[in-house]
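These notes are about the structure you will find just below.
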Amino acid sequence: MRRVTPFLAIVALVILPSWLFAQDPGNFATSLHGTRQGKFTWYDSANGGMESLTGIPMSQLGCHRCHPGTYANGSAVDPATYEPGCNDCHNFVQGTAVADQICLKCHSRQGTERNLGYQDVHVLKGFQCTTCHTKKEMHGDGTAYASMLEPGATEVTCEKCHTSLASNASHDLHGAKVQCTACHVKSVISCYNCHIESYVEGGIRRHYGPQRDFIFLVNREGTGKVYPASFQTASYDGKTFLAIAPFTPHTVMKEGRACAECHNNAAIQEYDQTGKITVTKWDTTQKKIISPTGVIPITSDWQQALQIDYLDYTGDPKSTTTDPTKWVFLKSTADGQQMLYAQPLTAEQLNKLRLAVGVEEKQNTLPEAFRLMQNYPNPFNPATTIEFHLPSPTVVTLKIYNLMGFEMKTLLSNEKLDAGVYKFSVGIDELTSGVYFYQLVTPAFSQTRKMTVLR
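Residue numbers (my numbering): 19 to 473.
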């Protein structure tokens, strides 16, 4: 048997840590930690970014060299000579492990989640950032991704650990169409209304403050599933900007949301009645923003539907402190809007969210028979509710017809629904004044009722 020479053993000890902990070091230059490309992608005017409002190239802002104040070993960073590298995260004197506080120096939103008091079931179990996030995500795989949201840039998913799900109504109905986090996160957050003049003139990162206790719903590209999202607003020289993106908060709950938090909720009802969804509103009396709450679906007309009040900061943009009394209302329209790596919910998905799902309230039991209730109110303007009962799981079609028998609107088309009481909110869009019929069809039951629209 051949023996390994002492020289080869020493070489192995030198090489193995690099291979084990950094994969191929040559990939770092094209990794997102190495390029910071996500900032360029979102800011670029070619992608509908904020550059279209400021007219200032990213290279003149200095954002492409963002860095913490110190390296992992505690030594100060010189901004004039800084380049991304291994020492940002690794203090090799102490080994190769990276503590959460190192990650949170840059990933500040996750730090804000913790500072706001949100808990995460994984953190409570002792998980750290590197428990889930892989070396490929940190050090790259040789592909220069445009953003961490680009398909392939990250590989951590709930399903890698949770390989099987318990069978229940929520999992059975949503599992293939809705990402786990859409139901199992408490909230996303947003650092609201970045004041770009403060950064341009003084290098100060200033925003109104974190927004919490809400979640947007979008279709995330590359997944085929409904996914949580957040938003970013900004103002510069009297102009305003809105960006929407998928977002994975670290506020995971063991128990998922109640059905009513998404289905036929306040945002859906406001949209059906007014065509608008209030996200934020400036309180002129208290001089503060009324924050978003609850689940907010992003509709196909989101650029017109979302109601957001934008702010300006009238204090010294170069000051390192922020005077909260200097925030003032600017306007309620966006001069630039952007959504990347996501698409709005479809009309079919929005129809499903109009369903109010539950059981019989009086007896807290499932319905005993199929029933299609008379809509209420009737006649109606601007919206009405159609209620139907299912005693067992079945496939459901619900459509609206005019007096000539022509189909006017499909609310559900061969949708598999669990047993329960369903309430469907219907708006007057696409319907003129007159009498209509609505029909519920299942393999075992069919019923038609009449309703009247008043305009």
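Glycine included, each C-beta is placed from N, C-alpha and C at the ideal position.
Computed from a prediction, not measured in an experiment: that's the story for all the values here.
Report yes if the C-beta distance between residue i and residue j is below 8 Å; otherwise report no.
i: PRO315; j: PHE232; result: no
i: LEU430; j: ASN369; result: yes
i: TYR454; j: MET426; result: yes
i: TYR328; j: LYS349; result: yes
i: VAL471; j: VAL270; result: no
i: HIS213; j: TYR331; result: yes
i: GLY66; j: GLN356; result: yes
i: PRO102; j: GLY52; result: yes
i: HIS202; j: VAL174; result: no
i: ALA437; j: LEU408; result: yes
i: PRO246; j: VAL297; result: no
i: LEU371; j: PHE406; result: no
i: THR415; j: ALA462; result: no
i: PRO195; j: LYS154; result: One point to set straight first is that residue 195 is Lys, not Pro, in the sequence displayed. Taking 8 Å as the Cβ cut-off, LYS195 and LYS154 do not qualify as a contacting pair.
i: TYR359; j: ALA263; result: yes
Using DSSP's beta-bridge definition, name the partner residues of residue i.
i: HIS213; result: SER253
i: LEU324; result: ILE295
i: GLU425; result: TYR419
i: HIS157; result: HIS157 pairs with nothing; no bridge assigned.
i: GLY438; result: LEU408
i: ILE308; result: LYS299
i: LYS2; result: Only positions 19 to 473 of the chain appear in this structure, which leaves residue 2 out of reach.
i: PRO362; result: None, per the DSSP bridge assignment.
i: TYR454; result: ASN420 and MET469
i: SER443; result: THR403
i: THR258; result: SER253
i: THR88; result: ALA94
i: PRO395; result: In DSSP, PRO395 forms no bridge with anything.
Can you look up residue i in the DSSP assignment and give me helix, strand or coil?
i: ILE33; result: Reliability fails at ILE33, whose pLDDT of 41 lies under 50, so the model's placement of it is uncertain and no value is given.
i: SER47; result: It is Ala, not Ser, that sits at residue 47 in the sequence shown. If DSSP states are grouped into helix, strand and coil, ALA47 belongs with the helices.
i: GLY240; result: coil
i: PRO385; result: coil
i: ARG230; result: strand
i: PRO356; result: Just to set this straight, residue 356 is Gln in the shown sequence, not Pro. Residue state, collapsed to three classes: strand.
i: LYS57; result: helix
i: HIS180; result: coil
i: ARG275; result: coil
i: LYS143; result: coil
i: VAL95; result: coil
i: GLU131; result: helix
i: ARG20; result: Per-residue confidence for ARG20 stands at a pLDDT of 44, beneath the threshold of 50, marking its modelled position as unreliable; the derived number appears in the next sentence. Three-state DSSP puts ARG20 in coil, outside helix and strand.
i: THR266; result: coil
i: ARG478; result: The first residue shown for the chain is 19 and the last is 473, placing residue 478 beyond what the model contains.
i: LYS204; result: coil
i: PRO342; result: helix
i: ASN432; result: strand
i: VAL459; result: strand
i: ILE314; result: strand
i: VAL196; result: strand
i: VAL218; result: helix
i: LEU167; result: coil
i: LEU235; result: strand
i: ALA374; result: strand
Are there 16 or more other CB atoms within 10 angstroms of the CB of residue i, so buried, or fewer, so exposed?
i: SER49; result: buried
i: ALA374; result: buried
i: ARG473; result: exposed
i: HIS180; result: exposed
i: SER208; result: buried
i: GLU215; result: buried
i: GLN112; result: exposed
i: ILE404; result: buried
i: ARG223; result: exposed
i: ILE308; result: exposed
i: MET469; result: buried
i: GLY304; result: As written in the sequence, residue 304 is Gln, which differs from the Gly given in the question. So GLN304 ends up on the exposed side.
i: MET68; result: buried
i: ASN133; result: exposed
i: MET76; result: buried
i: LYS380; result: Since pLDDT at LYS380 reaches only 41, below the 50 mark, its modelled position is unreliable, and the value read off the structure follows with that caveat. Classification of LYS380: exposed, given that the 10 Å Cβ count is below 16.
i: GLN128; result: buried
i: ALA200; result: buried
Please name the residue in the options whose C-alpha comes closest to that of residue i.
i: CYS147; options: GLY170, CYS107 and THR332; result: CYS107
i: PHE442; options: PHE234, LYS272, MET76 and GLN392; result: GLN392
i: TYR100; options: GLN287, GLY87, GLU279 and ASN109; result: GLY87
i: CYS280; options: LYS305, ARG132, PRO228 and HIS192; result: HIS192
i: GLN321; options: CYS104, GLY227 and LYS294; result: LYS294
i: ASP353; options: LYS272, VAL413, GLY256 and ASP319; result: GLY256
i: SER253; options: PRO335, TYR419 and SER182; result: PRO335
i: SER93; options: PHE110, GLY135 and LEU79; result: PHE110
i: TYR289; options: GLU366, GLU273 and ASP319; result: ASP319
i: LYS236; options: THR149, GLU155 and GLN197; result: In the sequence under discussion, the amino acid at residue 236 is Val, which differs from the Lys named in the question. It is GLN197.
i: ASN211; options: GLN250, HIS189, PHE234 and HIS125; result: GLN250
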